[in-house]
Structures are given as C-alpha cells and as structure tokens.
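Residue numbers (the working numbering): 11 to 515.
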C-alpha cells in the first residue's frame, strides 16, 4: 500500500522538480509532465495511487501557475487547461485501474485453468485435423501410457500415427472427424485404442470443432474418459445375460420336453386305464362264460353220469336188501361193469375240466411239455394240424409267472385261430434269443389286417399284450390278408425276470 502511494508521490515530485528546473522552457507543457505522473501512478499503484497523483498534480500545477492567475488575460486559459487536466487524469486513472484489474482477472483465470488442466481426472486435449497434439494434460498422457504430455505430443505427430498407433478399429479416426465436421461437436464417441505398453482400453471422447475465419475445420478440443471398466462390466453383463437366456431357453426346452412327455404319459395312462377297464370287463365276461361252460359240463356230463350212478346204486340196493328182488350173478356183474365205466367217464370229464382250467402238466413237467400237450389237444379237438418245433430240452429257464403268461397267450392264440383264421395248419416254434424265451405261433389262415390289430374292441389281443407286459415281455402280431398270421411272444429268462419283479416290489 505504501509502495503504491510512494510511486504517486515520487512521480509528482519528479514532475514538479523537472517543471521547476525548466519552467521557462516548458511553461505550456507542465500538464503533460504531470499527466505522465498520473499515468505511471495509476498503472503501477492502482486507482487510489492515481487519484493521489491527480490531487498532488493539481496542487503542483496551481502552485506553478499561481503567478499567471494574477494576470487577468491568462487566467482563463490556465483554468480551462487545469480542468481538462483533471478530467483526463481521472479518466486515465480509472481506465488504467480497470485494465489492470482485467489483466489480474485474466491472469487468475489462466492460473485456475492451468491448475484444472494439470490436475483434471479426465484427459484434456487440442489437436489439429492432421493429428498433431497442440496441448495435452498429464491425465491424457497417463491414460495412453506416456510419462508426460510432452512425450505424447512428440510421438503423436501426424494423422497416420493416430489412426494406426492409437485406434484399434479401422476407420474410427475418420468417423470421428466426419461427425465433428458435420455436427460441430461430438458427445460420448466410444473407441477402443491401443495402450502404449501393449494392452487395450476403451475411451469416450467429447469434442468441439475448431474452425478458422472461413469456417474450415482446423482442429478439435475436448476431453477423454477411460471407460474400460464400464465396457468390461457391460460385456460381462451381456455375457451373463446371454448365458441366462441360453439357460432359460434350455430350461424351457427341457420343461417343454418334460411337459410333452408328461402329457404323453398321461395320455398313455388314460389309454391303458381305458384298456384295463375294457380288459377287466372282457375278463369278467370270459369268467362268466367259463363258469357257464363249466356249469353246463358239470350239469350235462357229470350230472347225467352221477344220476346214472345213483340209479344203478338204487337198483343194487333193491336187489341186495329186498328178498323179492333176486338177481342173477350175471346181472350183478353186468351192472357193476356199467357202473365202473360210468365212474371212469366221470373221472375223465373231471380231468378234462381241470386241465382246461389249468393243465397239471404245466406245473408238473414245465412249459415245454404243456405246449406239447396243448398242441396235441388242439389237433385232437379241432382236427387242425398243429406242430411244435424246438431244440430246447426244457423251457424251465422262465419262472412260473412267465410260463403261465406264455401258456395263456398260446391258448388265446389257438382260440383265435379256431374262431377267426380259417386255417388248416398251425406251426409253433419255441426258441431262446439273448435273454428272452421266444414262442412263435404261425397259421396259414386268412391273415389279419392292420385295422383288426389296432381295433380297441379286439380285447383278446389287448389281453395277450397286457399279460405279457405284466412279466416284462412283449407280444408282436403281424400278418397280411390271405397270408396267415404270426404271433411272437417274448418273455425274459428267469434271472432277467427276477430283476424285473424286484423293481416292481
């Protein structure tokens, strides 16, 4: 503060001394000398120093011009000059102060900008269209892998360097220039660039166009942000999203397949339930028919035979207990012989009924012997030729449940041959294939059509398949019109059947 005022005092004192020394030579130039003092004071001391210099200069001028004030002819011009001096001095003082303040503010702004420029956490730059960096801050240099902005500026000296040394994607620099030229600015321009040490990073640029007086693009100024972490997070998120979509698609496909399988299983269960209901009704009808047949045979055959026996026994009783009824020995012997034959026929009838219900040979001698018996009995009852071909010594490799299933399927097949086939010969073939016992039944009858095989009313076929399925086996039926029918029964051997039964326990 004292220095500023000291400048004002010294400036005025110097002007006063010069004026006093050369008063006769510079009488009309004293205002110029004191104006110089005001200018120097206001420039280096500020507005207050300028005002002080103005006041001191006015007092000095009055002192110097005091003799002329006594002369009426000169006083008017000197006073006017003094007033002009005061006005000009005040103007100079204020204008210098304003300029000095503007310079100070500009300097402070430059200092603030430089501090921001140097310490910014984003890269700041100015480049020419040709690719030369005009300015670059330390953050931009560090972002690209350089130790200093000067090193970055020295290396990125032309457009080719920027295109191929920095940008990974071909033509990315040209696209940047085109957008800035068309839009005068660009925001969030993302690019993948090479790091000086060999890696890669992603940046986002915000830039403004720099143009000359004619509007031609001459450069860019803007900021650069490292968005590598964000891009990696986006890529990871996108990958996770894709994986999630794939898992959802796979899960949806699995669920669709599972749902389809469940629907098929439900439909199959409903079909099986319907078949079982139909089969149950059919079996009930078969039972009733079998009971009716057995009752008829018992009533017609056994009943008649037993009635005859009762009559013969009554005759014998009369001959033995009543003295009046005397029979000869020959009569008694003849009657006993008749009764014996009747008992034999009764026993044969009982055996036939029992064999038809379940042949004892199946339990006593096994499946092979039971099939041989069925073949012979069928030929005997129907007159249709029936032959068994097999090289197996015995079919005891299947358990009792499988043997019963095979025998019942054979009986049903032979019944179908008798009722529907119009055949003259039946060929049975018993063999072992892999882990299965196979019985094949072929006839030379009229054959079977596809419609007949799939007819839901064909309960005999349904019963054969259900019976085989209960022991883990299958029944396949093939045939053609006029070419006979083939029924193939497969049931598991004893060890396989045991495993199947164990799974269902």
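For glycine and all other residues, C-beta sits at the position ideal for the given N, C-alpha and C.
It should be emphasised that the depicted structure is a prediction, and the values quoted were computed from it without experimental measurement.
Extent of the continuous alpha helix (DSSP H) to which residue 423 belongs: From DSSP, the alpha helix (DSSP H) with residue 423 extends over 410-426.
Would you kindly report the start and end of the unbroken alpha helix (DSSP H) that includes residue 188? For residue 188, the enclosing alpha helix (DSSP H) covers residues 182-193.
Assigned secondary structure, residue 461 (DSSP; H/G/I helix, E/B strand, else coil): Residue state, collapsed to three classes: helix.
Which of the three DSSP states is assigned to residue 10 in this structure? Not covered by the structure: residue 10. The range shown for the chain is 11 to 515.
Member of 434, 206, 139, 456 whose CA lies at the smallest distance from the CA of residue 489: Of the candidates 434, 206, 139, 456, the one whose C-alpha sits nearest the C-alpha of residue 489 is 456.
Note down, in chain order, each residue of its chain lying with its Cβ closer than 6 Å to the Cβ of residue 508, except the 5 sequence neighbours on either side. Bear in mind that a pLDDT of 47 at residue 508, under 50, signals an unreliable position, so the model cannot answer this.
Count the other C-beta atoms from every protein chain shown that fall within 10 angstroms of the C-beta of residue 479, then say buried if there are 16 or more, exposed otherwise. Exposed is the call here.
For the stretch 212-222 and the stretch 247-262, state whether three or more C-beta atom pairs, one from each stretch, are separated by less than 8 Å. Contact fails: fewer than three Cβ-Cβ distances are below 8 Å.
Applying the criterion that 16 or more other CB atoms from any shown protein chain within 10 Å of the CB defines a buried residue, is residue 160 buried or exposed? Residue environment: residue 160 is assigned as exposed (fewer than 16 neighbouring CB atoms within 10 Å of its CB, all protein chains considered).
Roughly how many whole angstroms lie between the Cα atoms of residue 395 and residue 454? C-alpha separation (whole angstroms): 11 Å.
Residue range of the unbroken alpha helix (DSSP H) whose run includes residue 388: Counting along the chain, the alpha helix (DSSP H) containing residue 388 begins and ends at 377-392.
Any contact of the stretch 261-273 with the stretch 177-185, i.e. 3+ C-beta pairs under 8 Å? Too few Cβ pairs lie closer than 8 Å, so no.
Since residue 415 and residue 501 are thought to touch, with beta carbons under 8 Å apart, how far apart are those beta carbons, to the nearest angstrom? With a contact defined as Cβ atoms closer than 8 Å, residue 415 and residue 501 qualify at about 6 Å.
Per DSSP, which one or two residues make a beta bridge with residue 453? Among the bridge pairs identified by DSSP, residue 453 is matched with 436.
Simplified DSSP state of residue 158, which is helix, strand or coil: If DSSP states are grouped into helix, strand and coil, residue 158 belongs with coil.
With H, G and I counted as helix, E and B as strand and the rest as coil, what does DSSP make of residue 278? In the structure shown, residue 278 sits in a helix (DSSP, three-state: H, G or I).
Looking only at C-alpha atoms, which of 238, 149, 491 sits nearest to residue 209? Taking only the C-alpha atoms, the option nearest residue 209 is 238.
With DSSP collapsed to three states, give me the class of residue 49. The answer is helix: DSSP assigns residue 49 an H, G or I state.
Span of the beta strand (DSSP E) around residue 496: For residue 496, the uninterrupted beta strand (DSSP E) run begins and ends at 495-502, by DSSP.
Using 8 Å as the Cβ pair cut-off and three pairs as the minimum, do the stretch 440-450 and the stretch 460-474 touch? Contact between the stretch 440-450 and the stretch 460-474 is absent, because fewer than three Cβ pairs lie under 8 Å.
Residue 389 CB to nearest chain B CB: under 8 Å? Protein chains in the displayed structure number just one, and chain B is not present.
Thinking residue 213 and residue 201 are a contact (beta carbons under 8 Å), I'd like their distance in whole angstroms, please. So it is a contact: roughly 6 Å between Cβ atoms.
What is the rounded straight-line gap between the Cα of residue 215 and the Cα of residue 50? Roughly 49 Å separates the two Cα atoms.
List the endpoints of the continuous beta strand (DSSP E) containing residue 397. That run of the beta strand (DSSP E) goes 395-400.
For residue 70, count the other beta carbons within 10 Å of its own beta carbon; 16 or more makes it buried, fewer makes it exposed. Which is it? It is buried - the Cβ of residue 70 has at least 16 other Cβ atoms within 10 Å.
For residue 154, tell me which candidate among 499, 462, 211 has the shortest Cα-Cα distance. Nearest of 499, 462, 211 to residue 154, Cα basis: 211.
DSSP state of residue 403 mapped onto helix, strand, coil: Annotated three-state conformation of residue 403 is coil, per DSSP.
By Cβ distance, which residues of its chain are closer than 7 Å to residue 204, with the 5 residues on each side in sequence left out? Taking C-beta separations shorter than 7 Å and ignoring five residues to either side along the sequence, the partners of residue 204 in its chain run 175, 176, 178, 210, following chain order.
Please look up how many angstroms separate the CB atoms of residue 132 and residue 233, rounded, as I've assumed it's under 8 Å. Between residue 132 and residue 233 the beta-carbon gap is near 5 Å, inside 8 Å, which marks them as a contact.
For residue 493, which residues from the same chain have a beta carbon less than 8 Å from its beta carbon, with the 5 sequence-adjacent residues on both sides left out? Around residue 493, the same chain offers 457 as residues with beta carbons nearer than 8 Å, after the five sequence neighbours per side are excluded.
Sequence-distant residues of the same chain with beta carbon closer than 8 Å to residue 503, five excluded per side: The residues are 407, 408, 442, 445, 446, 447.
Residues sharing a beta bridge with residue 196, DSSP: Within the DSSP secondary-structure output, residue 196 pairs in a beta bridge with 217.
Heavy atom of the ligand HEM less than 7 Å from the Cβ of residue 268, yes or no? Judged by which ligands are present, the structure shown has none, so any question about the ligand HEM falls away.
Helix, strand or coil: which one does DSSP assign to residue 137? It is a strand residue.
When we look at the beta-carbon of residue 474 and count the other beta-carbons within 10 Å, is it buried (16 or more) or exposed? Buried is the call here.
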